[in-house]
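Student: Just dropping this structure here.
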Amino acid sequence: MRAFVSLAFLLSLPASAALANPLAEVICDTTPRMRDRLEHQFGTRQEATGLRGPEEIMEVWTDTRGDWTLVMTYATGTSCIVAMGEDWQQTHRKDPA
Numbered sequence: 138m139r140a141f142v143s144l145a146f147l148l149s150l151p152a153s154a155a156l157a158n159p160l161a162e163v164i165c166d167t168t169p170r171m172r173d174r175l176e177h178q179f180g181t182r183q184e185a186t187g188l189r190g191p192e193e194i195m196e197v198w199t200d201t202r203g204d205w206t207l208v209m210t211y212a213t214g215t216s217c218i219v220a221m222g223e224d225w226q227q228t229h230r231k232d233p234a
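In this note's numbering, the protein residues as written are 138 to 234.
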């Protein structure tokens, strides 16, 4: 079922975004629309962020089942799903003593 939902999500994105990208498996959309779909359509929340460069932010989105999505957000206003997986495990940093 989860694979069907993921496939439905990918097929619902505009085809032009996928065609414009040299990597066919990378799905891109405007950042507001990507965030809206991740939050409301799939029930994920942003778990972590980090800078990848001066104009790129890496975001990890997770849901309560442990599915995760890695999104790159660019200063241009575009966000791209670059990886998806299962069994997200939250780790806690140890206090450097």
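Virtual Cβ for every residue (Gly too), placed ideally from N, Cα, C.
In this text, all values refer to a predicted model and were calculated from it rather than measured experimentally.
Short of 8 angstroms in beta carbon distance, which residues of its chain neighbour Thr186, apart from the five on each side in sequence? Order them along the chain.
Tutor: Indexing the sequence shown from 1 puts residue 186 at position 49. Excluding positions up to five away in sequence, the list reads Ile194, Met195, Glu196 and Val197.
Student: From Gly222 to Pro169, what distance separates their C-alpha atoms?
Tutor: Locating residue 222 in the sequence shown gives position 85, counting from the first residue. Locating residue 169 in the sequence shown gives position 32, counting from the first residue. Taking the straight line joining both Cα atoms gives about 22 angstroms.
Student: Compare the C-beta of Arg182 against all C-beta atoms of chain C and say whether one is closer than 8 angstroms.
Tutor: The structure shown has no chain C; it contains just one protein chain.
Student: From this set, Thr201, Arg189 and Thr215, which residue's C-alpha is nearest Gln183's C-alpha?
Tutor: Here residue 183 refers to the residue found at position 46 of the sequence shown. Gln183 has its Cα closest to that of Thr201, out of Thr201, Arg189 and Thr215.
Student: Within a Cβ cutoff of 6 angstroms, which residues of the same chain sit near Gln226, ignoring the five residues on either side of it in sequence?
Tutor: Walking along the sequence shown from the start, residue 226 turns up at place 89. Closer than 6 angstroms at Cβ, skipping near neighbours: no residue.
Student: Need the endpoints of the alpha helix (DSSP H) that Arg230 sits in, please.
Tutor: Reading the sequence shown from its first residue, position 93 is the one you call residue 230. Unbroken run through Arg230: none, as it is neither H nor E.
Student: Beta carbon of Thr181, beta carbon of Leu175: below 8 angstroms?
Tutor: Residue numbering aside, residue 181 sits at position 44 when the sequence shown is read from its first letter. Residue numbering aside, residue 175 sits at position 38 when the sequence shown is read from its first letter. Cβ atoms of Thr181 and Leu175: closer than 8 angstroms.
Student: Val208 to Glu192, Cα distance in whole Å?
Tutor: Working through the sequence shown from its first residue, we reach residue 208 at position 71. Working through the sequence shown from its first residue, we reach residue 192 at position 55. In a straight line, the C-alpha of Val208 is about 14 angstroms away from that of Glu192.
Student: In this structure, does DSSP put Asp130 in helix, strand or coil?
Tutor: Residue coverage of the chain in this structure runs from 138 to 234, which leaves residue 130 outside it and unanswerable.
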